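Here the structure comes first, spelled out in structure tokens, and everything after it is commentary.
Numbering (the working numbering), first residue to last: 590 to 814.
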């Protein structure tokens with residue numbers, strides 16, 4: 590294992606895989622992405638550059654219903670093992686890493702960053718869609734976009750409300766709390782306790798303003814409801 594340990598340090602650079610693994614796939618249909626907990630395990634074994642650990646995890650992935658991803662991890666283990674057996678110098682490792690990268694991305698084994706990019710992109714689209722818009726004039730396209738965002742934020746824990754496509758204070762605060770976006774003013778408010786809802790919303794944006802001096806004026810303008 591001494592050779593493995595020596596080469597393992599060089600293979601720590603395989604973390605570069607994690608930064609570009611969201612490259613579009615050429616398969617007819619995108620594979621199911623691994624849950625975040627499993628992705629974390631894959632990250633750890635890739636960074637360890639230990640083929641035995643990688644194959645053990647591949648077996649576990651297969652038993653959990655991810656055969657394509659398991660095969661991809663096994664192929665990555667094979668590439669690393671071949672590099673170890675041939676005692677390639679550190680300077681030759683980037684070529685091997687390229688092969689490993691292709692192996693782990695070919696079936697969507699790892700897609701770190703993809704979620705976050707989608708979150709940010711969708712949040713930005715929602716913010717633009719509801720900027721300088723009046724209630725009732727946002728249109729079905731904007732409402733559909735917002736429903737998608739609301740559903741996403743429910744899963745992420747930043748939105749607790751109806752999936753209705755109506756841009757209210759909960760949707761606006763999801764933009765603020767999740768992505769730090771200064772939100773457009775809400776178009777819809779609860780039918781009861783409107784004054785209390787607005788006061789609570791203003792207070793939360795004031796807190797954002799106090800914590801973000803550079804954009805304090807933007808937060809306070811957004812709070813003028």
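Here a beta-carbon is modelled for each residue, glycine too, at the ideal position from N, C-alpha and C. What you are looking at is a predicted structure, and each value in this text was computed from that prediction instead of being measured.
Same chain, Cβ closer than 6 Å to residue 565, neighbours up to 5 away in sequence not counted: Outside the shown range of the chain (590 to 814) lies residue 565, about which nothing can therefore be said.
Let me confirm a value: residue 615 is counted as buried when at least 16 other C-beta atoms fall within 10 Å, else exposed. Which label applies? Confidence at residue 615 is low in this model, with a pLDDT of 33, below 50, so the placement of that residue should be treated as unreliable; the coordinate-derived value is given next. Residue 615 is exposed by the Cβ-count criterion.
What are the boundary residues of the alpha helix (DSSP H) that residue 803 is part of? Per DSSP, residue 803 belongs to no alpha helix (DSSP H) and is neither H nor E.
Smallest Cα separation from residue 653: which of 670, 642 and 624? Measuring from the Cα of residue 653, the nearest candidate turns out to be 624.
The alpha helix (DSSP H) spanning residue 759 covers which residue range? Annotation: the continuous alpha helix (DSSP H) that includes residue 759 extends over 758-768.
If you drop the 5 nearest sequence neighbours on each side, which residues of the same chain put their C-beta closer than 8 Å to that of residue 786? Excluding sequence neighbours, residue 786 sits near 758, 778 and 779.
Give me the Cβ distance between residue 828 and residue 712, rounded to the nearest whole Å; I'm assuming they're in contact under 8 Å. Limits of the chain in this structure are 590 at one end and 814 at the other, which puts residue 828 out of reach.
Segments assigned alpha helix (DSSP H), at least 4 residues, entirely inside the region 708-787: Fully enclosed alpha helix (DSSP H) runs of 4 or longer: 728-745 and 758-768.
Just reading off the alpha helix (DSSP H) that residue 624 is part of, what are its end residues? Boundaries for residue 624: no alpha helix (DSSP H) harbours it, and the DSSP string shows neither H nor E there.
Euclidean distance between Cα positions of residue 804 and residue 798: If you take the alpha carbons of residue 804 and residue 798, they lie about 7 Å apart.
Taking just the CA atoms, how far does residue 802 sit from residue 760? About 23 Å.
The alpha helix (DSSP H) spanning residue 641 covers which residue range? It spans 640-652 - the alpha helix (DSSP H) in which residue 641 sits, taken as one unbroken run.
Which one of 771, 736, 744 and 627 has the shortest CA to CA distance from residue 807? Of 771, 736, 744 and 627, the residue nearest in Cα terms is 771.
Measure the C-alpha to C-alpha separation of residue 639 and residue 626 and round it to an integer number of angstroms. Taking C-alpha positions only, residue 639 is separated from residue 626 by approximately 19 Å.
Where does residue 658 sit, in a helix, a strand or coil, going by DSSP? Here residue 658 sits in helix by DSSP.
Residue environment, residue 717, which counts as buried when at least 16 other CB atoms sit within 10 Å: By the neighbour-count rule (16 or more Cβ atoms within 10 Å), residue 717 is not buried but exposed.
On the criterion of 16 or more Cβ atoms from any shown chain inside 10 Å, does residue 783 qualify as buried, or is it exposed? Label assigned to residue 783: exposed.
Classify residue 629 as buried or exposed, calling it buried when 16 or more other Cβ atoms lie within 10 Å of its own Cβ. Note on residue 629: under 16 other CB atoms within 10 angstroms of its CB, so exposed under the neighbour-count rule.
Mapping DSSP to helix, strand and coil, what is residue 632? Assignment of residue 632 by DSSP, reduced to helix, strand and coil, places it in the helix class.
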